[in-house]
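Here's the structure, in structure tokens; my notes come after.
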Amino acid sequence: MSHSVSKYIEEKIRERKEQNTFRKLFLPEAKVDFFSNDYLGIATNKSLAFPLNKIIRKVPHNMPLFGATGSRLLSGNSQFVEDTETLLANIHQTEAALLFNSGYNANLGVLSALPYKNATIFYDELIHASMHDGIKMSKAKATAFKHNSIKDLEEKLAATHNFKFIAIEALYSMDGDFAPLKEIVALAKKYDAAIILDEAHSTGIYGEKGEGWAQQQNLHQDIFIRIHTFGKAAGVHGAVVLCNESVKSFLVNYSRPFIFSTAMPLHSVCAIRSCYEYFASTACEAERKKLMQNIQLFSSVTKGITEFKFAESPSAIQTLFIPGNENAKTAAEKIRQQGFEVRAILSPTVAKDTERIRICLHSFNTTQEINDLLQTISYLK
Ligand SMILES: Cc1ncc(COP(=O)(O)O)c(C=O)c1O
1143 MSHSVSKYIE EKIRERKEQN TFRKLFLPEA KVDFFSNDYL GIATNKSLAF
1193 PLNKIIRKVP HNMPLFGATG SRLLSGNSQF VEDTETLLAN IHQTEAALLF
1243 NSGYNANLGV LSALPYKNAT IFYDELIHAS MHDGIKMSKA KATAFKHNSI
1293 KDLEEKLAAT HNFKFIAIEA LYSMDGDFAP LKEIVALAKK YDAAIILDEA
1343 HSTGIYGEKG EGWAQQQNLH QDIFIRIHTF GKAAGVHGAV VLCNESVKSF
1393 LVNYSRPFIF STAMPLHSVC AIRSCYEYFA STACEAERKK LMQNIQLFSS
1443 VTKGITEFKF AESPSAIQTL FIPGNENAKT AAEKIRQQGF EVRAILSPTV
1493 AKDTERIRIC LHSFNTTQEI NDLLQTISYL K
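The numbering of the sequence shown is the working numbering, which starts it at 1143 and goes up by one.
Next up, the structure:
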């Protein structure tokens, strides 16, 4: 390798280490899960293997199950995938659906392709990195608005005559709070803006059958594009973009992550179908209820812990603020030593002085586990 390239790489690694933000891969240990996005326990639910196998058996024998063999525009398309998209469009009460290999790819694929030169994307300052990266690749202008601030968004919308897009999340991945969707929909109507809504952390949990936050709020018809990802509560992998037929056509023509990548393998498509069957079951309904009970329990116990600041979150994503990268890392390690898997979220991933421990609640966490975790936290000082 070139000497100057090696030097650059070593310098960048040293920089991370000096700033205490060096990332490395680790192997999860057998501790109580308070860190995964498997909110409903679907990823580890062995009883779902049987219904999944039943769906796999429906795939015609001449179709490649293990790999898609090409991009959807080449050899990677099939009736089975198209039927799955129709199924997803029906469940989500929209005209069309387009599968992507991941939520990251879907956000990149929508935001890089759709907002055009004379458009402005107004984005919440706390949107996910994948939306940011899509915005960076787009030809449109981009302006951040303060997190969940209707006032700031309206001032910014009113001050531009460009075509307008609004990029938001339904449920924010770091703070666990919801977007004020009704108010944002009203602003979008007033200023003729198109909303792009990332439902990564609300898919499967909200709505009668896990259809997401927009459908639960009955606002889905007013949202231009919804992105549901399947790597979180759905327990599998991939994502779907929900839109109208013209937008789907546009993405098939212009969205580079869709065009220039091997399509999702059919066994992943089967897994998505299987998880939507499960979303509609009474068993899943019971898991959603258990998750809500755990959220309530967590919130009520944390109210009694005055030594620490917790974010007020109505969702499965809970935040314990421990300002300072070193402090947050040390606290997470202490909690882990007591048998709970949690992770510190450091700056610059979150703003300086809002470093934190992110606690993900699940339907399968027991009352005892939640109480023990919070007792461990209360002994941290
Ligand atoms: C809000 C949000 N959007 C999109 C993504 C990306 O989804 P995926 O993991 O399917 O690539 C994530 C993943 O962490 C996320 O939190």
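Heads up, the beta-carbon is just placed ideally off N, CA and C, and yes, glycines get one too. Nothing here was measured: the structure is a model prediction, and the numbers come from that model.
Top-ranked residue by Cα proximity to VAL1381, from GLY1446, ALA1425, LYS1332 and LEU1250:
Going by the sequence as given, residue 1381 is Ala instead of Val. Comparing Cα-Cα distances from ALA1381 to each of GLY1446, ALA1425, LYS1332 and LEU1250, the minimum goes to LEU1250.
Under 8 Å: do the stretch 1349–1369 and the stretch 1310–1324 share three or more Cβ pairs, one atom per stretch?
yes
Spatial neighbours of ILE1487 within its chain, please: C-beta separation below 6 Å, excluding the five flanking residues on both sides.
ARG1498 and ARG1500
CA-CA distance, ASN1232 and ALA1422?
13 Å
Quick check on the burial criterion: 16 or more other C-beta atoms within 10 angstroms. Buried or exposed for THR1508?
exposed
Report the residue ranges of all alpha helix (DSSP H) runs contained in full by the stretch 1391–1463; include only those spanning at least 4 residues, in chain order.
1398–1401, 1408–1421 and 1424–1445
Within the stretch 1157–1232, ranges of the alpha helix (DSSP H) (whole runs, at least 4 residues)
1191–1200
Rounded separation between THR1371 and THR1472 - CA only
32 Å
Just the C-alpha distance for LEU1240 and GLU1227, rounded to the nearest angstrom, thanks.
6 Å
Following a CB-centred definition, is ALA1342 positioned closer than 6 Å to any heavy atom of ligand 1?
yes
State the start and end residues of the unbroken alpha helix (DSSP H) segment that holds TYR1521.
Note, TYR1521: premise wrong, no alpha helix (DSSP H); not H, not E.
Excluding the 5 residues flanking GLU1449 on each side, which residues of the same chain have their C-beta closer than 6 Å to its C-beta?
LYS1523
Going by beta-carbon coordinates alone, are GLU1267 and HIS1289 separated by less than 7 Å?
yes
Where does PHE1242 land, buried or exposed, given buried means 16+ other C-beta within 10 angstroms?
buried
Do PHE1506 and GLY1183 have their C-beta atoms within less than 7 Å of each other?
yes
Taking the beta strand (DSSP E) that TYR1265 falls in, what are its first and last residues?
1261–1266
Closest to ALA1458 by C-alpha separation, out of HIS1343, VAL1383 and THR1496, would be which residue?
HIS1343
Return yes when at least one heavy atom of ligand 1 lies under 6 Å from the C-beta of TYR1083, else no.
Because the chain in this structure spans residues 1143 to 1523, residue 1083 falls outside the shown range and cannot be described.
Please name the residue in ALA1286, THR1163, PHE1177 and LYS1149 whose C-alpha comes closest to that of SER1489.
THR1163
Let me make sure I understand the geometry here. Which of ILE1447, CYS1412, HIS1504 and ALA1375 has the alpha-carbon closest to that of PRO1193?
CYS1412
Does the Cβ of TYR1246 lie closer than 6 Å to at least one heavy atom of ligand 1?
yes
Under 6 Å: does the beta carbon of THR1371 sit that close to some heavy atom of ligand 1?
yes
How big is the Cα-Cα spacing for ILE1304 and LYS1283?
Checking the sequence, you will find Asn at residue 1304 rather than Ile. For ASN1304 and LYS1283, the distance between alpha carbons rounds to 9 Å.
What residues match up with THR1285 in a beta bridge as DSSP calls it?
PHE1264
Please state whether the Cβ-Cβ distance between ILE1367 and PHE1307 is less than 7 Å.
no
Bridge-paired residues (DSSP) for THR1371:
ALA1381
Under the assumption that LEU1384 contacts THR1444 (Cβ atoms under 8 Å), give the Cβ distance between them as a whole number of angstroms.
With a Cβ gap of about 35 Å, LEU1384 and THR1444 do not count as contacting.
Own chain partners of MET1279 with C-beta closer than 8 Å, once the 5 adjacent residues on each side are dropped
LEU1250, LEU1253 and SER1254
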